[in-house]
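Reviewing the structure listed below.
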Amino acid sequence: MVTPFDESEDIDLRALQGEAEYLIGVGCTALTVGGSTGEGAGFTPDEVRAAVRAVGTQTRGRVPVIAGAIPDTTREAVSLGKAAREAGADALQVTPPHYLFPPGPDDTVEYYRAIGQAVGLPIVVYNVVPWATIDVPTLVRLLDLPNVAGVKQSGGDIHKLSELLHAARGKASILTAVDDLLYPSFVLGADGAVAAILTAVPTLCVALFDAVQRGDHAAALRIHNRLLPVWMALSGPNLPARVKAAVTLQGRNGGRSRRPMSVPSGEDVRRIQEAL
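So for the sequence shown, our numbering puts the first residue at 474; every next one is plus one.
Quick look at the structure:
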């Protein structure tokens, strides 16, 4: 989900609830609040609490609500996680620490173990940061932790996704965030997707997943070829703001982004509109 901000850069909770309702209505089976596309890297614990509570109030248990945590220390991750738990989140999506110097494999395992023990919610490992990428052997170790429910493989690396799907062998849910290659991700066996493009055009993404599940690859390829130009228009600097532009162009309320993220240029908006 995007996080709509108002003119004061505060979360527009009513708009956030409206977006949650829309996404459920078009077939999304879970919602992630405060992920990368949702600009969650800047959330305080109070904002996590407010956003998760607002979405949970709107969804009323119809779909799981996953709270994003994009921290740099175990202490920060636990603080964000406890705020999410208090607000009723069903799970956490947690990046590895990533400020400049990533931890080693053993420290990464301890990081997720400590978060799970302190917070008590299922964790989706969000493997997204290019300079702090968790390798597949370490991801498999993480899947043995009691609170780790799955991995969201991002970073544009379908090769790593393929390797992970092979190594995990049904141990946990493996989700794709390789936005331009959702079709092959699903064919390889990804259990679902949490991705920016899904936020922008959820109906097409749900249709793609359903087509692959029923074995209709002709339909799936057609949808893939519809999605690819959309991703090409969205991909670039200030991605969350571009996704919000796509949301708004379709009559929904994407709201503003927080500075220093700027509004997309007129040319960027035109390209997004043409792709849509």
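Glycine included, C-beta positions come from ideal geometry on N, C-alpha and C. Predicted model, so just to flag it, every value in this text is computed and none were measured.
- Whose C-alpha, out of Asn600, Ala557, Lys555, is nearest the C-alpha of Thr568? Asn600
- Pull up the DSSP beta-bridge partners for Lys625, would you. Tyr599, Leu648
- alpha helix (DSSP H) segment containing Gly498, residue limits: 486-498
- Please look up how many angstroms separate the CB atoms of Pro737 and Asn711, rounded, as I've assumed it's under 8 Å. 7 Å
- Query: Should Ile696 and Leu681 be called a contact, given that it needs their Cβ atoms to be closer than 8 Å?
  - Reply: yes
- Message: In whole angstroms, give me the CA-to-CA distance for Val660 and Val685.
- Response: 7 Å
- Grab the span of the alpha helix (DSSP H) containing Leu707 for me, first residue to last. 690-707
- Which two residues bound the contiguous alpha helix (DSSP H) that contains Ala542? Note, Ala542: premise wrong, no alpha helix (DSSP H); beta strand (DSSP E) at 538-542.
- Query: Under 8 Å, do Asp652 and Ala668 count as touching if we go by C-beta distance?
  - Reply: yes
- Message: One question on the structure: do Gln723 and Leu700 come within less than 8 Å of each other, judged by their Cβ atoms?
- Response: no
- Leu565 bridges to which residues according to DSSP? Ala540, Ile596
- Query: Three-state secondary structure (DSSP) at Phe574?
  - Reply: coil
- Task: Would you tell me roughly how many angstroms separate the C-alpha atoms of Asn698 and Ser658, rounded to the nearest one?
- Result: 15 Å
- Task: Check whether the stretch 580-591 touches the stretch 516-533, counting contact only when three or more Cβ pairs, one atom from each stretch, lie closer than 8 Å.
- Result: no
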